[in-house]
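Asker: Protein chains in written order, with the numbering used here: chain D, 1 to 400; chain P, 401 to 800.
Protein chains: 2
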Amino acid sequence: MKAQSFIPPQRTLMGPGPSDVSPRVLAALARPTIGHLDPEFVRMMDDMKGLLQYAFQTQNELTIPVSAPGSAGMETCFTNLVEPGDTVIVCINGVFGGRMKENVERLGGIAVVVEDEWGKVVDPDKVEAALRAHPEAKILAFVHAETSTGARSDAETLVRLAREYDCLSIVDAVTSLGGTPLKVDEWGIDAVYSGTQKCLSAPPGLSPVSFSERAIAAIKGRRAPVTSWFLDLNLVMGYWGSGAKRAYHHTAPVNNLYGLHESLVILAEEGLENSWERHRHHHLALRAGLEALGMEFVVAEDDRLPQLNAVSIPAGIDDQQVRTRLLQDFNLEIGAGLGALAGKVWRIGLMGHACKRDNVEFCLDTLNRVLADLGAGVEEGVAVAAAQDFYASAPQAALA
Amino acid sequence: MKAQSFIPPQRTLMGPGPSDVSPRVLAALARPTIGHLDPEFVRMMDDMKGLLQYAFQTQNELTIPVSAPGSAGMETCFTNLVEPGDTVIVCINGVFGGRMKENVERLGGIAVVVEDEWGKVVDPDKVEAALRAHPEAKILAFVHAETSTGARSDAETLVRLAREYDCLSIVDAVTSLGGTPLKVDEWGIDAVYSGTQKCLSAPPGLSPVSFSERAIAAIKGRRAPVTSWFLDLNLVMGYWGSGAKRAYHHTAPVNNLYGLHESLVILAEEGLENSWERHRHHHLALRAGLEALGMEFVVAEDDRLPQLNAVSIPAGIDDQQVRTRLLQDFNLEIGAGLGALAGKVWRIGLMGHACKRDNVEFCLDTLNRVLADLGAGVEEGVAVAAAQDFYASAPQAALA
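(1) Looking at the structure shown, is D:Lys2 part of a helix, part of a strand, or coil, going by DSSP?
(2) Since D:Arg163 is in the alpha helix (DSSP H), which residue starts that stretch and which ends it?
(3) Have a look at the DSSP bridge pairing and note the partners of D:Trp346.
(4) For the pair the stretch 492–510 of chain P and the stretch 447–465 of chain P, tell me if three or more CB-CB distances fall below 8 Å.
(5) Any C-beta of chain P sitting closer than 9 Å to the C-beta of D:Val112?
(6) Check this for me: beta carbons of P:Ala752 and P:Ser548, under 9 Å apart or not?
(7) Classify D:Lys138 as helix, strand or coil using the three-state DSSP reduction.
(8) What are the residues of the stretch 351–380 of chain D that lie near chain P, defined by any Cβ-Cβ distance shorter than 9 Å?
(9) Closer than 7 Å by C-beta to D:Ala3: which residues in its own chain qualify, once you throw out the five before and the five after it? Chain order, please.
(10) Looking at C-alpha atoms only, which residue of P:Glu564, P:Pro418, P:Lys449 is the closest neighbour of D:Asp38?
(11) Can you tell me whether D:Glu380 is buried or exposed, with buried defined as 16 or more other CB within 10 angstroms of its CB?
(12) Please confirm if D:Glu296 has its CB atom under 9 Å from at least one CB of chain P.
(13) Rounded to the nearest angstrom, what separates P:Val782 and P:Ile616 at their Cα positions?
(14) How many Å lie between P:Leu738 and P:Val745 at the Cα?
(15) Whose Cβ in chain P lies nearer than 9 Å to the Cβ of D:Asn256?
(16) Suppose you measure from the CA of P:Pro603 to the CA of P:Pro706; what does that come to, to the nearest Å?
(17) Could you work out which residue in D:Lys101, D:Ala133, D:Met48, D:Cys91 is closest to D:Ile115 when comparing CA atoms only?
(18) Would you list, in sequence order, the uninterrupted beta strand (DSSP E) runs of no fewer than 3 residues that lie entirely inside the stretch 580–642 of chain P?
(19) Once you ignore the five residues that flank P:Gly735 on each side, which residues in its own chain have a CB closer than 6 Å to its CB?
(20) Between the C-alpha atoms of P:Ile570 and P:Glu517, what's the straight-line distance to the nearest angstrom?
(21) In angstroms with no decimal places, state the Cα-to-Cα distance between P:Asp590 and D:His249.
(22) What do you reckon, is the C-beta of P:Phe542 under 8 Å from a heavy atom of the ligand FAD?
(23) Which residues does DSSP list as the beta-bridge partners of D:Asp111?
(24) Could you spell out where the beta strand (DSSP E) holding P:Ile464 opens and where it closes?
(25) Taking the straight line between their C-alpha atoms, what separation do you get for P:Asp566 and P:Val513?
(26) For P:Phe406, would you say it is in contact with chain D, using Cβ-to-Cβ distances shorter than 9 Å as the test?
(27) Less than 9 Å between the beta carbons of D:Val384 and D:Gly289, yes or no?
(28) In angstroms with no decimal places, state the Cα-to-Cα distance between P:Thr479 and P:Glu556.
(29) So P:Met448 is in the alpha helix (DSSP H); what residue range does that whole segment cover?
(30) Residues in its own chain within less than 7 Å of D:Arg304 by CB, not counting five upstream and five downstream?
(31) In terms of alpha-carbon separation, which member of D:Asn234, D:Glu291, D:Ala218, D:Leu260 lies closest to D:Glu83?
(32) Using a cut-off of 9 Å between C-beta atoms, extract the partners of D:Met44 located in chain P.
(33) Are the stretch 648–665 of chain P and the stretch 68–79 of chain D in contact at 8 Å, needing three or more beta carbon pairs?
(34) Who are the near neighbours of P:Arg614 in its chain, counting only those whose CB is closer than 8 Å to its CB and skipping five residues on each side?
(35) Check for me: the beta strand (DSSP E) holding D:Ile170 runs from which residue to which?
(36) Out of curiosity, what's the CA-to-CA distance linking P:Val636 and P:Ala715?
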């Protein structure tokens with residue numbers, strides 16, 4: 001049979017993820033595969049746990065990467081914690097809250113929805129009202145960083161409310177981990193999941209998760225077995241648990257784990273606080289440029305995620321045409337709107353390795369050109385100039 | 401925080417998988433990450449489907465890699481096809497049949513077990529008796545290539561029986577795909593799953609699956625939604641389906657897919673029949689050597705998988721001691737026994753890229769040395785000599 005190797009183009013990834021992967025991480029992926037029960041591999045797993053605990057700011061023993069992408073991380077939380085008949089308060093302010101509701105209902109749970117407009121954060125007052133109205137609720141679930149809009153909800157307050165009303169919390173931190181403050185222990189989060197392809201800048205395919213002792217007690221005390229064999233933490237713990245003896249569960253995605261490990265080493269080298277600050281800094285530069293192009297953010301200033309910038313598409317400009325030009329002529333990927341925002345916004349990511357001055361200026365420059373070319377009525381060079389002004393004036397100008 | 405890159409040792413992987421990954425595949429993993437909705441990526445996905453259809457010998461449109469390891473491939477088949485109350489005839493002749501039963505029961509199905517001794521193949525007579533006794537059965541599920549014992553069941557006959565009794569078939573081909581004849585369309589298999597880390601010699605983390613039109617009709621006609629959102633093929637089809645428009649479902653594991661793609665290109669270049677023959681050929685050489693060491697196969701000659709050689713550990717020899725010596729002194733991994741066979745057998749893999757004369761001789765030589773050293777009463781050099789005799793006399797001596 002005829003067949004040809006696939007040689008991907010070299011893009012600059014500034015969409016909602018995957019983000020650009022560092023050459024160090026790509027090199028790690030290509031290291032020789034070893035067995036998933038090899039003592040050297042087990043040593044790497046222990047090391048990985050420590051690195052993930054640092055990234056999540058937790059001492060939770062059960063802090064591991066699920067062997068599948070972020071949506072499997074979400075499912076790991078729900079399938080282990082939700083039993084038929086359980087009431088779960090689900091906050092929806094974008095695509096991913098909706099997916100949480102789907103998870104609850106497929107598992108036979110009862111989803112009580114707290115809805116906020118897309119682009120708005122989850123409203124703690126509405127959440128408290130729902131908690132008060134549903135004393136039977138077992139879990140509060142919400143998205144910390146809504147990748148569909150760029151809104152950052154107040155996870156600390158929401159988790160505190162969950163505790164006050166004796167609920168467990170499930171937090172989607174897919175886009176926040178590594179890019180914006182997330183403090184699992186300090187805030188008291190019970191179950192949290194993330195992805196590798198956002199601010200960690202590893203390839204997609206794994207989902208870091210962490211569970212508190214309270215969550216583990218709930219899982220161990222289930223009335224019925226977890227529907228999913230693959231995601232059943234009672235079994236997964238036997239493989240990722242501490243101690244020399246690891247029980248075979250499934251075959252871990254060895255090389256992908258090398259990549260995640262290296263990306264976590266890079267994060268540890270930089271320091272978590274420095275990474276948060278770097279994301280904030282370049283976001284402000286990008287914002288200056290986008291505003292110079294007349295674009296408006298979907299999310300109010302105080303609630304914005306620095307790593308995910310959802311901005312309105314200028315009137316009269318065709319979404320697809322612009323993104324195709326950026327991709328074909330400049331190898332630049334930015335993200336389309338999802339769901340209710342499709343065709344109305346672009347989502348510009350500044351995540352992990354991709355969050356740097358070169359990319360901010362490259363993105364603003366190319367977007368400026370394409371918009372000018374399509375008659376959007378923008379002056380050439382205004383966007384980059386605005387970003388450069390920001391960099392020149394910002395106290396963190398030293399950040400690369 | 402202090403952190404160090406992980407540099408794995410260079411092993412020779414001759415256990416039950418992962419198998420050695422070709423340098424071409426490792427290089428593919430390290431290619432630049434692109435977006436999971438990038439037109440170039442979509443082109444690769446289409447190409448991947450064709451390559452998987454070739455490997456599975458099927459025209460099934462729904463032939464894709466699930467974004468998680470083989471046990472998630474198993475779960476994809478069961479979670480989509482089994483509804484609460486459904487009767488599934490499950491054949492158990494090793495570890496993985498047992499896992500199938502777990503899947504059925506967690507999903508609320510009724511598992512009717514057809515049991516055969518570990519090391520034996522699934523007995524078609526018993527299967528037919530079960531099909532006759534359970535006219536309500538919806539599915540027959542069995543393992544084609546039992547990785548825990550090395551037994552190859554007669555999939556063609558079993559699938560024909562399933563059809564005769566109006567059952568769908570679910571076939572575990574984790575260890576058979578690429579290494580031993582597997583003909584999805586000719587045999588009429590309805591749902592089949594495999595892994596990447598066996599005879600395809602890609603890293604673990606993905607699970608190729610294929611579904612017939614009959615299976616798809618059953619999935620579309622379900623009474624209740626699939627419990628798993630992540631594995632729901634109704635949704636996955638929207639992303640992997642044909643046509644230019646791909647609906648975002650989850651973020652595909654981009655770089656891992658590069659690796660699988662390259663391994664399938666290598667398989668296509670060699671030709672499926674040639675790959676099957678290569679596995680058979682080196683298995684016979686390995687067998688000659690193992691028998692010269694006095695070892696006995698768990699499985700009867702006609703039922704053996706060439707790629708997974710389960711042999712008895714010589715009397716008085718300690719399992720763990722030998723495997724540790726092989727790993728530490730020679731960087732050679734062979735597999736331990738699983739379940740009922742733990743401590744009693746070794747499982748020596750000859751899979752994909754690892755299935756070559758150099759490895760056969762290296763494995764026999766090191767095993768011979770270690771056993772001689774531990775006083776197993778074997779002469780030095782007898783194992784390699786026996787393999788060399790085989791290679792000299794075999795008509796396929798030209799195979800590298």
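Just so you know, even glycine gets a beta-carbon here, dropped at the ideal spot from N, CA and C.
Answerer: In terms of the structure at hand:
(1) coil
(2) 155–164
(3) Per DSSP, D:Val311, D:Ala336.
(4) The stretch 492–510 of chain P vs the stretch 447–465 of chain P: no contact.
(5) Closer than 9 Å: no.
(6) Note that residue 752 of chain P is Gly in the sequence shown here, rather than Ala. Between P:Gly752 and P:Ser548, the gap from beta carbon to beta carbon reaches 9 Å or more.
(7) strand
(8) Listed by position along the chain: nothing, the set is empty.
(9) Once the five neighbours on either side are set aside, D:Ala3 has no close Cβ partner at all.
(10) P:Pro418
(11) exposed
(12) no
(13) One C-alpha to the other measures close to 53 Å.
(14) 9 Å
(15) Leu429, Pro603, Pro604, Gly605, Pro653, Asn655, Asn656
(16) 21 Å
(17) It is Glu, not Ile, that sits at residue 115 of chain D in the sequence shown. Closest option to D:Glu115, Cα to Cα, is D:Cys91.
(18) The qualifying runs are 591–593, 607–611.
(19) Gly415, Pro416, Arg747
(20) 20 Å
(21) 26 Å
(22) Ligands are entirely absent from the displayed structure, and the ligand FAD is therefore not among its contents.
(23) Per the sequence presented here, residue 111 of chain D reads as Ala, with Asp not at that position. Partner(s): D:Val88.
(24) Unbroken beta strand (DSSP E) run through P:Ile464: 462–466.
(25) 18 Å
(26) yes
(27) yes
(28) 24 Å
(29) 439–456
(30) Gly150, Arg152, Phe297
(31) D:Ala218
(32) Those within 9 Å of D:Met44 in chain P are Phe406, Pro408.
(33) yes
(34) Leu568, Asp590
(35) 168–172
(36) 51 Å
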